[in-house]
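Here is the structure we will look at.
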Amino acid sequence: MSATTVTNSIKACSSRVVPVHKKYTLQSYGIWERIRRIFAIAPDRSNGVPLNPQYRNPSPGSNEPFSFIDPVTFPAGDIADNPYWKRDSRRSYPRLSFVTQKDAVGLLKLGSQSAPKIELIGEAGTQALTEVQKESEAGLAAYIRKEEKNGILTMFGKDGLPPFPSGSSLNQKAGKYHLAEENSYPNRWVLSTLYPVLIHDSNFRFESYPCRNFQ
30 MSATTVTNSI KACSSRVVPV HKKYTLQSYG IWERIRRIFA IAPDRSNGVP LNPQYRNPSP
90 GSNEPFSFID PVTFPAGDIA DNPYWKRDSR RSYPRLSFVT QKDAVGLLKL GSQSAPKIEL
150 IGEAGTQALT EVQKESEAGL AAYIRKEEKN GILTMFGKDG LPPFPSGSSL NQKAGKYHLA
210 EENSYPNRWV LSTLYPVLIH DSNFRFESYP CRNFQ
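Per the numbering used here, the sequence shown starts with residue 30, numbered consecutively.
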């Protein structure tokens with residue numbers, strides 16, 4: 030590379046330097062600016078302190094702490110009995126349901142509404158519900174430990190553990206889930222999955238929500 034090329038490159042770089050008086054920084058003026066340029070290594074390099082009117086307006090601490098008024102839209106801004114899943118119309122979150130240990134103890138002892146173990150009728154039913162509430166406070170482990178001799182573990186899998194899917198042990202009969210036909214995907218939903226053309230049919234309607242339940 031010749032000396033002329035190097036000189037031209039240096040001139041090109043120096044021409045792109047922005048003068049310090051054009052920068053949005055707080056600089057000195059007058060005689061103090063001349064003194065600074067004499068002793069500075071790079072006179073056109075700013076000190077980096079931004080101008081307050083351009084960068085910090087209003088300045089920090091100038092407003093009162095509680096002077097800002099949050100705009101409230103009604104009823105979306107009313108937080109009373111107004112959870113986010115109700116207001117979020119874009120995604121329409123489903124309302125979640127949880128089965129706690131207390132609920133599990135009640136299901137193990139009394140059964141469910143579709144398959145009850147005890148008929149909850151009259152005072153006997155009220156007394157049974159009261160007893161279950163007291164027993165469920167100790168937790169699921171305490172109830173299983175208490176009812177272990179009564180064959181409570183028979184509803185679980187081998188060794189009292191939940192059943193594994195059949196693919197984990199490579200045994201087709203081990204821990205196999207049975208899918209009830211009435212609670213499976215409806216036939217129309219299966220057809221729409223296999224043949225998406227049916228979805229565009231105006232006469233096509235889903236019979237029920239595509240939800241699967243295992244026994």
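C-beta atoms are modelled at their ideal positions from N, C-alpha and C, and glycine is treated no differently.
Looking at C-beta atoms only, is the number of pairs between the region 125-141 and the region 155-168 that lie closer than 8 Å three or more?
yes
Assess contact between the region 75-85 and the region 47-66, defined as three or more Cβ pairs (one per stretch) separated by less than 8 Å. Is contact present?
yes
Measuring CB to CB, does I147 end up less than 9 Å from K138?
yes
When DSSP builds the beta bridges, which residues end up paired with T159?
Beta-bridge pairing links T159 to no other residue.
Under a Cβ-count criterion, where at least 16 other Cβ atoms within 10 Å of its own Cβ denotes burial, should Y172 be classed as buried or exposed?
buried
Buried or exposed, going by whether 16 or more other CB atoms sit within 10 Å of the CB of V49?
buried
Does G140 come out as helix, strand or coil in the three-state DSSP assignment?
strand
Skipping 5 residues on each side, what residues in its chain have a beta carbon closer than 8 Å to that of N72?
Correcting the residue identity first, residue 72 is Pro in this sequence and not Asn. The residues are V49, R65 and R66.
Where P48 falls: helix, strand or coil (DSSP):
coil
C-alpha distance - R119 paired with P94, whole-angstrom precision:
34 Å
Taking its Cβ as the centre, do 16 or more other Cβ atoms sit within 10 Å of V101, making it buried, or is it exposed?
exposed
Relative to the C-alpha of V161, which candidate in P87, S38 and G135 has its C-alpha closest?
G135
Residues bridged to R145 by DSSP?
Before going further, note that residue 145 is Pro rather than Arg in the sequence given. Paired residues: G140.
Provide the residue(s) that pair with T54 in DSSP beta bridges, ordered along the chain.
P79
Could you check what DSSP says for F68 in three-state terms: helix, strand or coil?
helix
Own chain, CB closer than 8 Å to Y53, minus 5 neighbours either side, in chain order:
P79, L80, Q83 and Y84
What would DSSP say about S118, mapped onto helix, strand or coil?
coil
What's the gap between the Cα of S38 and the Cα of V46?
13 Å
So, with DSSP's three-state summary, where would you put S96?
coil
For the alpha helix (DSSP H) that contains R174, what are its first and last residues?
L169 to K175
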